[in-house]
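In the UniProt record's numbering, the protein residues as written are 1 to 272.
Note that the Cβ used here is the ideal one computed from N, Cα and C, for glycine as well.
Source: prediction; values computed, not measured.
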Amino acid sequence: MSWLFGNKNKNTSSSQTNLQAHRTKQIDSLKKANLNPIEVIPNTEYRITFASGGINITLVVGVVGRPPFPPATTSMSSFTASGGMPEYYQSPGGHFGTNQTESMQVAENSSEESLSLDKVPDVFAAFPDLKTKSLTELFELQDEEDKILEMIQKLPHVTKFAEEREKISNECIELARANLSYKPVLEQHRQWILEKKNLYQKTEEEFQRNQQRLMSKSEDFHPSVIQNNLKVALMEAEEESENIVEQFLEIMSCQESKGREVDSHPCTTRVQ
């Protein structure tokens, strides 16, 4: 959490060099100009946040004889270590406000949601109670995570998120209760499906048996089988008819032979 409060370790030595004294005066002048510099590296690097044209701009400044990188604006080009620090920071701010680049103009025309994501968070605006605390209290606060968490939970966005989460949770609970209310009906449908499944299995088994019986019957009544059976029956009928004819002829021949024997005997008459 050191990024919230900065660093309080400063050179408290009574014997300061001219450069250190000059830097101290520059920082004091920044504070008097209400620029609220945040010390990142003691006596070396500072961070200043200001608004220009509805856009939050953060400058990370190294306090050295010359800027550590090629300046991007004409105001920075004319900066010297002996110049006034407030004028140095306020001049680039005015430059950014009057000479906005194309990327800044595009950002201004974008939606508020995307713009809010690009803004640097303003700690003191989000936590106004921090303005009334001393530096010692702030450093003591950064070690108390419970209090910091409580402060964060009171933020409007966090509160809104908690309310939406609670709403979604209640909707899920109601949905679960509705699903549980359908359990008896689902159980009845499940039993009905099981009964239909058992009936289907029995019907399928019976169908398989009838199909096998039909296949066997279809084999018995196949045209080729019927034709063979007819041929066999015809042959048996012919054989039986031949036997009957032979028997009939034998009987006829016997009767003829008996009639001839009767005719060959002499006739006898009774004498009166």
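Buried versus exposed, by CB contacts within 10 Å (16 or more), residue i
i	result
residue 260	exposed
residue 61	buried
residue 37	buried
residue 46	buried
residue 23	buried
residue 253	exposed
For residue j and residue i, the rounded distance between their alpha carbons
i	j	result
residue 245	residue 212	46 angstroms
residue 148	residue 27	29 angstroms
residue 173	residue 183	16 angstroms
residue 176	residue 170	10 angstroms
residue 234	residue 243	14 angstroms
residue 164	residue 157	10 angstroms
residue 202	residue 185	26 angstroms
residue 44	residue 166	47 angstroms
residue 248	residue 230	26 angstroms
residue 155	residue 137	21 angstroms
residue 355	residue 180	No information on residue 355 is available, as it lies outside the stretch 1 to 272 that the chain covers here.
residue 142	residue 187	58 angstroms
residue 194	residue 225	45 angstroms
residue 239	residue 232	11 angstroms
residue 25	residue 58	22 angstroms
residue 228	residue 198	44 angstroms
residue 21	residue 29	12 angstroms
residue 200	residue 222	32 angstroms
residue 219	residue 210	14 angstroms
residue 144	residue 49	26 angstroms
residue 139	residue 178	52 angstroms
residue 241	residue 251	15 angstroms
residue 208	residue 190	27 angstroms
residue 134	residue 42	19 angstroms
residue 205	residue 196	14 angstroms
residue 159	residue 168	14 angstroms
residue 129	residue 56	22 angstroms
residue 40	residue 161	32 angstroms
residue 236	residue 215	29 angstroms
residue 146	residue 131	19 angstroms
Proximity test, Cβ basis, 8 angstroms: residue i and chain B
i	result
residue 186	Among the chains of the structure shown, chain B does not appear; only one protein chain is present.
Selected residue, minimal CA-CA separation from residue i, among the options
i	options	result
residue 127	139, 48, 134 and 151	151
beta-carbon residue i near the ligand FAD non-hydrogen atom, thresh 7 angstroms
i	result
residue 211	The ligand content of the structure shown is nil, which means the ligand FAD is not present either.
* Where are the beta strand (DSSP E) runs, 3 residues long or more, that stay fully inside the region 127–206, in chain order? -> none
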